[in-house]
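The C-terminal position of the sequence shown is numbered 77 in our numbering, with every residue numbered one higher than the one before it.
We treat Cβ as the ideally placed atom computed from N, Cα and C, and that holds for glycine.
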Amino acid sequence: METPGWVTILLILVQIAAVVGFAWLVWPMIRDENWKEKFIKNKQALSLIIVFVLIFLFIFGMTAAFDILFAPQTLY
Numbered sequence: 002m003e004t005p006g007w008v009t010i011l012l013i014l015v016q017i018a019a020v021v022g023f024a025w026l027v028w029p030m031i032r033d034e035n036w037k038e039k040f041i042k043n044k045q046a047l048s049l050i051i052v053f054v055l056i057f058l059f060i061f062g063m064t065a066a067f068d069i070l071f072a073p074q075t076l077y
């Protein structure tokens, strides 16, 4: 049984409102933080960010490769 369209749209709007509300609440803290000194000039933090980005790209690439090589098939 499928969810009605209006319920799906309502849930998407609730999620968007939650993200906007969260950003509105934490924006003063994000704006006042010294991000460049904390993450770019700090060699250890920068190397961790680079490693996490590389891991994300690897997982994304492997997922794309498996989706291409082994396409999903419908089960009857």
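- Under the three-state reduction of DSSP output, threonine 64 falls in the helix class.
- For methionine 30, the enclosing alpha helix (DSSP H) stretches over residues 6 to 33.
- Alanine 46 sits away from lysine 37, with the two beta carbons spaced by 8 Å or more.
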